[in-house]
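Just so you know, the sequences run in chain order A and B.
Heads up, the first sequence is in my numbering, so the first residue is 4 and it goes up one at a time.
Heads up, the second sequence is in my numbering, so the first residue is 4 and it goes up one at a time.
What follows is a set of notes on a single structure, which appears directly below.
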Amino acid sequence: TTFLRKVQPTQARAYAGGGGASGSNGSRSEGNSFLVPGATVATILMLGALHARHIYEDKKIEEAREKGVELEFHPDVKASFLRLLPLRSISRLWGSLTSVELPIWLRPYMYKAWARAFHSNLEEVGLPLEEYASLREFFVHTLKEGSRTIDSDPYCLVSPVDGIVLRFGELRGTGAMIEQVKGFSYSASSLLGASSFLPMITAEYAREENGEEENTLRDETKRSWWRISLASPKVREMASPMKGLFYCVIYLKPGDYHRVHSPVDWNVLVRRHFTGHLFPMNERAARTIRNLYIENERVVLEGQWREGFIALAAIGATNIGSIELYMEPTLRTNQPRKKLLHPLPPDERVYEPEGIGIMLKKGDEIAGFNMG
Amino acid sequence: STVVLVFQAPISKAASEKGNSSEFKFCVKRGERIRMGEALGKWHE
Numbered sequence: 004t005t006f007l008r009k010v011q012p013t014q015a016r017a018y019a020g021g022g023g024a025s026g027s028n029g030s031r032s033e034g035n036s037f038l039v040p041g042a043t044v045a046t047i048l049m050l051g052a053l054h055a056r057h058i059y060e061d062k063k064i065e066e067a068r069e070k071g072v073e074l075e076f077h078p079d080v081k082a083s084f085l086r087l088l089p090l091r092s093i094s095r096l097w098g099s100l101t102s103v104e105l106p107i108w109l110r111p112y113m114y115k116a117w118a119r120a121f122h123s124n125l126e127e128v129g130l131p132l133e134e135y136a137s138l139r140e141f142f143v144h145t146l147k148e149g150s151r152t153i154d155s156d157p158y159c160l161v162s163p164v165d166g167i168v169l170r171f172g173e174l175r176g177t178g179a180m181i182e183q184v185k186g187f188s189y190s191a192s193s194l195l196g197a198s199s200f201l202p203m204i205t206a207e208y209a210r211e212e213n214g215e216e217e218n219t220l221r222d223e224t225k226r227s228w229w230r231i232s233l234a235s236p237k238v239r240e241m242a243s244p245m246k247g248l249f250y251c252v253i254y255l256k257p258g259d260y261h262r263v264h265s266p267v268d269w270n271v272l273v274r275r276h277f278t279g280h281l282f283p284m285n286e287r288a289a290r291t292i293r294n295l296y297i298e299n300e301r302v303v304l305e306g307q308w309r310e311g312f313i314a315l316a317a318i319g320a321t322n323i324g325s326i327e328l329y330m331e332p333t334l335r336t337n338q339p340r341k342k343l344l345h346p347l348p349p350d351e352r353v354y355e356p357e358g359i360g361i362m363l364k365k366g367d368e369i370a371g372f373n374m375g
Numbered sequence: 004s005t006v007v008l009v010f011q012a013p014i015s016k017a018a019s020e021k022g023n024s025s026e027f028k029f030c031v032k033r034g035e036r037i038r039m040g041e042a043l044g045k046w047h048e
């Protein structure tokens, strides 16, 4: 970047100078114009390679879907090999490369190439392309006013992101298993954390289903205030209509808008940050890497909405490794790991004020996925 | 990157007893593209 800054004024002087010196200056500036920073070349090459792979994989998945074939879990050597790679370091390197400030003249070309490769819609980008200094900045762009309409139906829950709906359904029984792909599932409590309120709810739900009597108040003295905040409405609502527990998994492709919005009006009571691997998150990875969703680094927000419990987990990947929480700008994700062998417990933060947490409205921006 | 939502929503008691609960209904299909702000699921009082 420093080099480019030096080159451009030199070029400008060369063109402005003209006269007898124009011959020698002209040839020097012509030579300089071919000097593109290494990072940019690497990025362009990577875009080409990713685009080719993207087209190939999309075609294969589309063909499988047309034939009615459901993806099945099938671990392979490539997935095992991924575990040996320093994916977190690669992710941070990728983040550094894409943070390189691009010359203004190059920005539109670069972002148009990205949009072409990953099917992004440039018409809805919030600012003129020249104003995004780096690919990383462009990647997490805002939207133009009015390019999304938030469904205002009070009895509806909206999508927090742009993406592809991979899985959805109802969690039944005490296991509360979410299907990764056909033949392999993971538990919702592993995804959200052992201290999540979710297991208690599922247990209650299971007991309610069986019509058994229960005493949910007996352990309340041992619970923290936010657990009580979540539990109390449940206790109060024993006679009211029953509640089921549902889930939805949405995958964001690289070309998608990468900010996360609030799906409903809710109070965020607690945040959990799990450090972990940064495996790729595409459909191939989902059917070859065991426990993909609970091994990757993620940020979980848990709280309460009018119908009870709600949690949102934002899961990182190799290329999009860090998650930025707008309500907590000091949170840093995708940092070098201190302990490689033993997984660390999640870093948990309870939001103040007690019992209320942070109130969000449907459609409010919550978080952004950053490159690297 | 991926986002997973886990949430409680109303179900009808009668339907639940039959093992096929759902006051809340998803209005999406698997593999479908969805945009931020579009309805994922709806229910009625």
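Where a beta carbon is used, it is the ideal one built from N, C-alpha and C, also for glycine.
Under DSSP, asparagine 299 (chain A) shares a beta bridge with A:His280. A check of alpha carbon separations from leucine 105 (chain A) across A:Val128, A:Ala136, A:Ala67 and A:Val302 identifies A:Ala136 as the nearest.
Of the residues assessed, alanine 120 (chain A) falls on the buried side of the cut-off, its CB having 16 or more other CB atoms within 10 angstroms. Spatial neighbours of lysine 147 (chain A) in its own chain (CB-CB distance under 6 Å, excluding positions within 5 residues in sequence) are listed in chain order as Glu127 and Gly129. Selection A:Leu347, A:Gly51 and A:Ala191 evaluated against leucine 174 (chain A) yields A:Ala191 as nearest (Cα-Cα). Below the 8 Å Cβ cutoff, chain B contributes Arg33 as neighbours of arginine 170 (chain A), in chain order. Shortest Cα-Cα distance from lysine 28 (chain B) to any of B:Phe10, B:Met39 and B:Ser4 involves B:Phe10. With fewer than three CB-CB distances shorter than 8 Å, the segment 260 to 272 of chain A does not count as touching the segment 29 to 37 of chain B. In the DSSP assignment, lysine 246 (chain A) forms a beta bridge with B:Pro13. With a threshold of 8 Å between beta carbons, arginine 151 (chain A) makes contact with chain B. For a Cβ distance threshold of 8 Å, residue set Gly34, Glu35, Arg36 and Ile37 of chain B lies close to isoleucine 167 (chain A), ordered along the chain. Contact with chain B is absent for valine 143 (chain A), since none of that chain's Cβ atoms lies less than 8 Å from the residue's Cβ.
Note on geometry: alpha-carbon atoms of alanine 116 (chain A) and proline 257 (chain A) lie some 13 Å from one another. Of all alpha-carbon atoms in A:Pro111, A:Leu194, A:His54 and A:Tyr329, the one lying nearest the alpha-carbon of leucine 8 (chain B) is that of A:Leu194. Here glutamine 183 (chain A) is near alanine 289 (chain A), since their CB atoms are less than 8 Å apart. For a Cβ distance threshold of 8 Å, residue set Met39 and Gly40 of chain B lies close to histidine 264 (chain A), ordered along the chain. Counting every other CB atom within 10 Å of its CB across the protein chains shown gives leucine 347 (chain A) a total below 16, marking it as exposed. For arginine 56 (chain A), the three-state secondary structure derived from DSSP is helix. About 6 Å separates the CB atoms of isoleucine 64 (chain A) and glutamate 286 (chain A); that is less than 8 Å, so the two are in contact. Of all residues in the segment 314 to 332 of chain A, those with a C-beta nearer than 7 Å to a C-beta of chain B are Ala314, Leu315, Ala316, Ala317, Ile318, Gly319, Ala320 and Ile323, reading in chain order. For alanine 288 (chain A), the enclosing alpha helix (DSSP H) stretches over residues 286 to 291. Exposure of isoleucine 107 (chain A) is indicated by the presence of fewer than 16 other C-beta atoms within 10 angstroms of its C-beta. At a cut-off of 8 Å between beta carbons, isoleucine 253 (chain A) contacts chain B.
By alpha-carbon distance to histidine 77 (chain A), the top candidate from A:Leu295, A:Val168 and A:Ile153 is A:Leu295. Apart from the 5 residues on each side of it in sequence, glycine 98 (chain A) sits with its Cβ closer than 6 Å to the Cβ of Met374 and Gly375 in its chain, given in chain order.
Here lysine 364 (chain A) carries a coil assignment [DSSP, helix/strand/coil]. Within chain B, the C-beta atoms nearer than 8 Å to that of tyrosine 158 (chain A) come from Lys45, Trp46, His47 and Glu48, in chain order. Chain B has no Cβ within less than 8 Å of the Cβ of phenylalanine 200 (chain A). Note on proline 13 (chain B): 16 or more other CB atoms within 10 angstroms of its CB, so buried under the neighbour-count rule.
Per the C-alpha coordinates, the member of A:Ile318, A:Gly371 and A:Gly306 positioned closest to arginine 352 (chain A) is A:Gly306. Under the three-pair Cβ rule at 8 Å, the segment 273 to 285 of chain A counts as touching the segment 74 to 92 of chain A. Secondary structure of valine 80 (chain A) (DSSP, three-state): helix.
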